[in-house]
Each structure stands twice: as C-alpha cells, then as structure tokens.
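Before any comments, here is the structure.
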Amino acid sequence: MNLSEILCKKILSREEIIFLLSLEKEEETELLFRKAREVRSALCGDEVHLRGIIEFSNHCKQDCHYCGIRMSNPDIKRYRISDDEIIKLAEFIYESGIKTIVLQSGEDMHYSGEKVAGIIRRIKDNCDVAITLSLGEREFADYELWLEAGADRYLLKHETANAGIYNKIHPYQNLDERIRHLRFLKEIGYQTGSGNIIGLPGQNIGDIADDLLLCNELDVDMASFSPFLSAADTPLAGHKNCDIEIVLKTMAVARILLRNVHIPTTTALSTLRPDGRRRGLRAGANVIMPSYTPNDYRFNYLIYKNKPGTDEGVESKLQQVYDLLKDEGLKNSDSKGHSLKQL
Ligand code: SAM
Numbered sequence: 000m001n002l003s004e005i006l007c008k009k010i011l012s013r014e015e016i017i018f019l020l021s022l023e024k025e026e027e028t029e030l031l032f033r034k035a036r037e038v039r040s041a042l043c044g045d046e047v048h049l050r051g052i053i054e055f056s057n058h059c060k061q062d063c064h065y066c067g068i069r070m071s072n073p074d075i076k077r078y079r080i081s082d083d084e085i086i087k088l089a090e091f092i093y094e095s096g097i098k099t100i101v102l103q104s105g106e107d108m109h110y111s112g113e114k115v116a117g118i119i120r121r122i123k124d125n126c127d128v129a130i131t132l133s134l135g136e137r138e139f140a141d142y143e144l145w146l147e148a149g150a151d152r153y154l155l156k157h158e159t160a161n162a163g164i165y166n167k168i169h170p171y172q173n174l175d176e177r178i179r180h181l182r183f184l185k186e187i188g189y190q191t192g193s194g195n196i197i198g199l200p201g202q203n204i205g206d207i208a209d210d211l212l213l214c215n216e217l218d219v220d221m222a223s224f225s226p227f228l229s230a231a232d233t234p235l236a237g238h239k240n241c242d243i244e245i246v247l248k249t250m251a252v253a254r255i256l257l258r259n260v261h262i263p264t265t266t267a268l269s270t271l272r273p274d275g276r277r278r279g280l281r282a283g284a285n286v287i288m289p290s291y292t293p294n295d296y297r298f299n300y301l302i303y304k305n306k307p308g309t310d311e312g313v314e315s316k317l318q319q320v321y322d323l324l325k326d327e328g329l330k331n332s333d334s335k336g337h338s339l340k341q342l
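For the sequence shown, numbering that gives the first Met the number 0 gives the first residue as 0, with consecutive numbering after it.
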C-alpha cells in the first residue's frame with residue numbers, strides 16, 4: 000500500500016486503517032500526524048474547545064475490570080458532591096470562560112432521573128453553557144428527561160468493538176446494549192460521543208480499526224481514544240499500560256476518517272508522558288477537558304493510577320493549557336463548541 004495515496008483518501012477501508020495504525024517509522028507517522036492536523040485545520044479551524052469536567056460521584060454499580068472506581072474496589076473512599084456544590088463549581092467554570100460543563104460519575108443510582116434533571120436546570124438557569132452528561136447507561140426515559148431539562152450532549156464510550164473482550168471485562172453489561180443506548184441517544188437529539196480504551200488484554204490492531212469504523216457508523220459528534228492505564232485493586236491491575244504511539248496514531252486516523260468530530264487530547268495521555276497532551280494536539284485533537292473536581296474528591300476519582308495534576312490549582316492548570324495552545328499555534332475557542340456536524 001502507498002502511504003501518500005491513502006492519506007489523500009476521504010473514505011478508508013478496514014485494511015487501509017490497519018495499514019495506517021501499523022506505521023512504525025517516525026517519518027511515516029509524522030506524515031500521518033501532519034495530515035491529521037491539516038484535516039483539523041480545514042474542518043475544525045484552529046480553535047480548541049475547553050470542557051470543564053466535574054466528577055461528582057465515584058459510586059458505581061458496574062464492575063468494569065479496568066476501572067479504579069468499580070463497585071468491587073474496597074479501597075477507595077466513596078463520595079458524592081452535593082447539588083449546591085455542583086452548581087457552584089459549574090458557575091466557577093463558566094466564570095473562568097469555559098462554555099461546556101461535563102457532568103461525569105460512576106453509574107450511581109442515588110442520582111434519580113429527576114435529581115439529575117434538577118441539577119441540569121439549575122446550571123442552565125445560572126450559566127450560558129452547554130452540558131455534556133457522562134453518567135453511564137441509564138433508563139431511556141431518563142435520557143429523554145435530561146434532554147428536555149437542557150442537556151446537550153452524552154458521552155458513552157463503547158470501550159471496545161470486540162464483543163468477546165467487551166463482554167468479558169464488563170460483567171453486567173454487553174456490547175449490543177451499549178450500542179443500543181448510543182443509537183437511542185443520537186436518535187432523540189443528543190450530540191453523542193463514543194470511543195475506546197486502547198491496550199486492553201487480547202485487543203489487536205484490527206479491533207482498533209473496528210472501533211474507528213463503529214464510531215463512523217454511529218455518526219458520533221465526539222470521539223475519545225484513551226490508553227489503558229492500570230488501576231490498583233482491579234482484575235487488570237497487573238496488565239501493562241498502553242504505549243502512547245498507538246493512541247496517537249488512532250487519534251490521527253480518527254481525524255482523517257471521522258473528519259469534523261470533536262476529539263479530546265485526554266488526561267490519560269499526560270499520565271503516560273509529560274508531553275502527552277501536546278502530542279495529542281499534534282495528532283489532530285481539538286478538545287481539552289480540564290478537571291474542576293475539587294482536590295478533596297478528585298483523589299478518590301482515580302479510575303487509574305497516577306492520574307496527573309491531582310494537587311495542582313485550577314488556575315495554574317488553565318494557564319498551562321493557554322500556554323500550550325499558544326505554543327502550538329492554536330486558539331482557545333470562546334464558543335460553546337457544539338457539534339461541527341450540526342453547522
Ligand atoms: N460511568 C460512566 C460511563 O460508563 O461512561 C462514566 C465514568 S467512567 C469512569 C469514564 C471512562 O473512564 C470510561 O468510559 C473508560 O473509558 C475510562 N476508564 C476507566 N478506567 C480506565 C482505565 N483503567 N484506563 C483507561 N480508561 C479508563
């Protein structure tokens with residue numbers, strides 16, 4: 000296969016995706032990353048969208064084998080941030096100039112449909128922001144209620160398109176059901192986000208190609224690709240962390256294949272390498288999600304080991320983001336950063 004020819008294509012076959020993901024030589028991966036930046040610049044512009052994330056509860060009824068906040072992990076202190084505190088944090092995010100609030104938690108049934116809807120309404124009444132929810136699989140009626148209450152987006156990663164692996168590492172869930180939720184969310188009007196974890200046991204390059212093709216088929220508005228990072232006291236605690244290069248290649252191929260979707264450069268990349276976030280931007284990402292979860296809680300939202308920045312102040316983290324963007328010739332967007340597919 001010819002790299003330059005493939006990089007000029009707008010539609011990629013599974014074999015071509017595998018070819019791109021398998022590139023090893025630095026001069027070749029550089030061509031891939033450069034193409035991803037060109038596509039980003041042409042379709043998304045030079046603006047990067049900041050999303051302030053509040054991880055408001057680490058209670059979870061699921062038992063994902065990789066996740067540090069899984070139900071069976073006995074060693075973490077469980078917390079819930081009060082509604083009033085969530086609203087104050089949302090106001091603080093809005094006042095710091097960020098126009099999207101991401102509300103994330105484990106699958107915590109303490110938060111009934113109505114309780115979450117109340118939080119969404121209060122945020123929307125007080126702040127002119129978009130709201131992304133990342134609360135796991137819930138009743139379809141809840142998704143409808145939250146949309147009516149003002150939620151804009153829903154992030155529910157499919158984690159892996161390999162059903163055998165998915166079903167093995169998610170004891171109470173299955174891939175078909177996950178996909179059914181993603182389709183429903185899209186159908187009723189959410190901007191949807193999916194994505195995978197890279198480096199799961201048994202996963203191969205073909206599986207990662209399938210993840211990208213699944214995101215394409217689901218017509219997602221956002222796609223997040225993160226490395227597997229081992230978490231203490233989980234069944235996968237001894238499994239090795241993912242190599243950053245394959246994650247960066249996946250992000251770059253995603254940019255070329257999925258075109259104008261929003262792709263974050265994740266915190267997990269910075270855990271792998273100090274310059275991980277920068278390298279994510281260089282692989283075509285256009286979103287950064289700084290955490291606004293207060294330190295008292297964040298130390299217990301350790302979905303994996305060594306999550307970075309846990310003792311830094313919010314202001315200094317934000318300044319680092321602005322400096323990074325300037326350095327990379329990018330700008331901080333002042334819009335809500337809605338789906339580029341809807342324009
Ligand atoms: N409960 C919600 C859900 O299921 O979508 C959101 C919370 S969950 C902790 C958020 C994401 O963390 C998951 O989609 C998963 O991809 C990621 N995650 C959890 N443990 C991880 C690990 N050890 N390595 C990499 N990503 C991990």
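A virtual CB, placed ideally from N, CA and C, is assigned to each residue, including glycine. Remember, predicted model here, so these are calculated numbers, not experimental data.
Review point. Does the Cβ-Cβ distance between Y343 and L257 come in under 8 Å?
Key: One cannot answer for residue 343 here, as it falls past the ends of the chain, which runs 0 to 342.
Point to revise | Length of the line joining the Cα atoms of V313 and Y153 | key: 24 Å
Check your understanding: So K156 packs on S111, CB below 8 Å; how close in whole Å?
Key -> That pair is no contact at about 24 Å.
Review point. Can you check whether the CB of C59 is closer than 8 Å to the CB of E90?
Key: no
Review point. Does the region 180 to 196 touch the region 80 to 88, meaning 3 or more C-beta pairs lie closer than 8 Å?
Key: no
Check your understanding: Taking the C-alpha atoms as reference points, what is the distance between K34 and M108?
Key -> 44 Å
Check your understanding: Where in the region 172 to 251 do unbroken runs of the beta strand (DSSP E), each at least 3 residues long, occur, reported from the N-terminal end onward?
Key -> 190 to 197 and 221 to 226
Review point. What's the call for F55, buried or exposed, on a 16-neighbour Cβ count within 10 Å?
Key: buried
Review point. Quick one: is the Cβ of I243 within less than 7 Å of any heavy atom of the ligand SAM?
Key: no
Practice item. Report yes if the C-beta of A231 is less than 7 Å from at least one heavy atom of the ligand SAM; otherwise report no. Key: no
Check your understanding: Should E176 be counted as a contact of the ligand SAM given a C-beta to heavy atom distance under 7 Å?
Key -> no
**Study point:** Cβ shell of E15 (< 6 Å), same chain only, five flanking positions each side left out
**Key:** I5
Review point. Cα-Cα, which of L280, L317 and P289 is closest to G44?
Key: L280
Practice item. Assign Q318 to one of two classes, buried (16 or more other C-beta atoms within 10 Å of its C-beta) or exposed (fewer than that). Key: exposed
Check your understanding: Using 8 Å as the Cβ pair cut-off and three pairs as the minimum, do the region 284 to 291 and the region 62 to 73 touch?
Key -> no
Exercise for review: Entirely within the region 299 to 328 and at least 4 residues each: give me those alpha helix (DSSP H) ranges in chain order.
Suggested key: 313 to 326
Point to revise | Selection from E138, D151, I97 and L22 that minimises the alpha carbon distance to H180 | key: E138
Exercise for review: Assuming N240 and Q202 form a contact by the criterion Cβ under 8 Å, report the distance between their Cβ atoms to the nearest whole angstrom.
Suggested key: Actually they do not touch by this definition, with Cβ atoms about 14 Å apart.
**Study point:** Beta-carbon proximity of C63 to I168, cut-off 8 Å
**Key:** yes
Point to revise | Closest Cα partner of D326 within the set E136, D274 and E311 | key: D274
Check your understanding: Using the beta-carbon count (16 or more within 10 Å), is S225 buried or exposed?
Key -> buried
Check your understanding: Is there at least one non-hydrogen atom of the ligand SAM closer than 7 Å to the beta-carbon of E138?
Key -> no
Exercise for review: Entirely within the region 131 to 175 and at least 3 residues each: give me those beta strand (DSSP E) ranges in chain order.
Suggested key: 152 to 154
Exercise for review: Could you name the residues of the same chain whose beta carbon sits closer than 6 Å to that of N173, not counting the 5 residues immediately before and after it, in chain order?
Suggested key: N166
Check your understanding: Measuring from the CB of C214, is there a heavy atom of the ligand SAM at a distance below 7 Å?
Key -> no
Check your understanding: Taking the alpha helix (DSSP H) that V38 falls in, what are its first and last residues?
Key -> E25 to C43
Review point. Thinking C-alpha only, which one of L324, L323 and D295 is nearest K311?
Key: Correcting the residue identity first, residue 311 is Glu in this sequence and not Lys. Out of L324, L323 and D295, D295 has the C-alpha closest to the C-alpha of E311.
Practice item. Verify whether the separation of the beta carbon atoms of L211 and A253 is less than 8 Å. Key: yes
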